[in-house]
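*Asks:* Below is one structure. I have some questions about it.
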Amino acid sequence: MRELLVINPNTTPSVTRLLAQHAQTVAGADVRVTTLQARFGAPYISDETSYAVAGHATLDAYLQHTRNHHAAPSAVLIGCFGDPALFALQEISDAPVTGLAAASFLEAALQGPFAIVTGGERWPAMLTRLAHALGYADTLAGSFTVQATGAQLAADPVAAQVVLRDACLAALEKFQVNSLILGGAGLAGMAAELQHALPVPIIDSVQAGVRQAVRAMSRTTGVARHKPDVSWFKTEGVIPD
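Residue numbers (the numbering used here): 380 to 620.
And the structure:
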């Protein structure tokens, strides 16, 4: 059976469970979803510092998985809208790698200009930088954030739908785009609840990530393109206090 490895770069168990649930639903019965949670880092990734640590934690989770399993996964999905360590993991992985943001950008750009709605006020500059790096500078019109983090929104889905609906409508008025991305692992499943209130397609970043990862499984080579040139593990993989 093909395996999709989903890595949650934050340390919030409820987000990991949400990722596992939605990823398995989208991937289907012929794909086994394995979900890993960061062993260290922030409960929610919200700024440059936590993002940098999340990149380290993502690589750590992947390398721990490959140490403990003889067979490589068929594809890897970084379960954070922002894709920490995307380029590094693509360099060392022997399976195709994508992230929630990269996959969502690809889907949205097919329809023309798009905007992002997400939680966390410091994300716009970080997401703009990623979009430029991935070649979407001309199609990302901008980001509209709400004050609550994705984890906070996930904790109260009913209230979150009201907040996110208003944010989506405000983003459409501000940016005049053809589609919206609802970005964040904690917002998995909410796009479908909001679609009826919006005049343009709204993309669920978790669903987009899983779809792209499953499509990429045929490109698995089984041979890593580059091995990390660092002494990664200390004292048999134990992270010191």
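Yeah, the Cβ is synthetic: ideal placement off N, Cα and C, and Gly gets one too.
(1) Looking only at its own chain, which residues have a Cβ that is under 6 Å from the Cβ of A527, when we skip the five neighbours before and after it?
(2) With a threshold of 8 Å, are at least 3 pairs of Cβ atoms found where one atom belongs to the region 497–511 and the other to the region 450–467?
(3) If you compare alpha carbons, which of V589, L509, P422, L561 is closest to D545?
(4) Less than 6 Å between C-beta atoms, sequence neighbours within five positions excluded: which residues of the same chain meet that for A464?
(5) According to DSSP, is L383 part of a helix, a strand, or is it coil?
(6) Indicate whether R417 and I386 have their beta-carbon atoms separated by less than 9 Å.
(7) Check for me: the beta strand (DSSP E) holding I581 runs from which residue to which?
(8) Since V593 and L384 should fall inside the 8 Å C-beta cutoff, what is the C-beta to C-beta distance between them, to a whole number of angstroms?
(9) Measuring only the C-alpha atoms, how far is R501 from V394?
(10) Can you give me the Cβ contacts of G521 inside the same chain, cut-off strictly under 6 Å, excluding the 5 residues immediately before and after it?
(11) If you run the structure through DSSP and keep just helix, strand and coil, what is F523?
(12) From P392 to P492, what distance separates their C-alpha atoms?
(13) Using C-beta distances below 8 Å, list every residue in its chain close to Y515, excluding the 5 sequence neighbours before and after it, in chain order.
*Replies:* This is what the structure gives:
(1) Position 148 of the sequence shown holds residue 527. Correct list, in chain order: G498.
(2) With a cut-off of 8 Å, the region 450–467 and the region 497–511 count as touching, because enough Cβ pairs lie within range.
(3) As a position in the sequence shown, residue 545 is number 166, starting the count at 1. The shortest Cα separation from D545 among V589, L509, P422, L561 belongs to L561.
(4) Within the sequence shown, residue 464 is the residue found at index 85, counting from 1. Excluding positions up to five away in sequence, the list reads G434, T437, L438.
(5) Mapped onto the sequence shown, residue 383 falls at position 4. Three-state DSSP puts L383 in a strand.
(6) Against the sequence shown, residue 417 aligns to sequence position 38. Against the sequence shown, residue 386 aligns to sequence position 7. The residue asked about is misnamed: residue 417 is Ala in this sequence, not Arg. Going by C-beta atoms, A417 is nearer than 9 Å to I386.
(7) Your numbering for residue 581 matches position 202 in the sequence shown. I581 -> beta strand (DSSP E) spans 581–583.
(8) In the sequence shown, counting from the first residue as 1, residue 593 sits at position 214. In the sequence shown, counting from the first residue as 1, residue 384 sits at position 5. V593 to L384, Cβ: 12 Å. No contact.
(9) On the sequence shown, residue 501 is found 122 positions in, with the first residue counted as 1. On the sequence shown, residue 394 is found 15 positions in, with the first residue counted as 1. So the two alpha carbons sit approximately 20 Å from each other.
(10) For the purposes of this step, residue 521 is taken as residue 142 along the sequence shown, with counting starting at 1. Taken in chain order, the residues that qualify are A494, F554.
(11) Walking along the sequence shown from the start, residue 523 turns up at place 144. Residue state, collapsed to three classes: strand.
(12) Working through the sequence shown from its first residue, we reach residue 392 at position 13. Working through the sequence shown from its first residue, we reach residue 492 at position 113. Using only the alpha carbons, I get a separation of about 34 Å.
(13) On the sequence shown, position 136 is the one that residue 515 refers to. Excluding positions up to five away in sequence, the list reads F484, A488.
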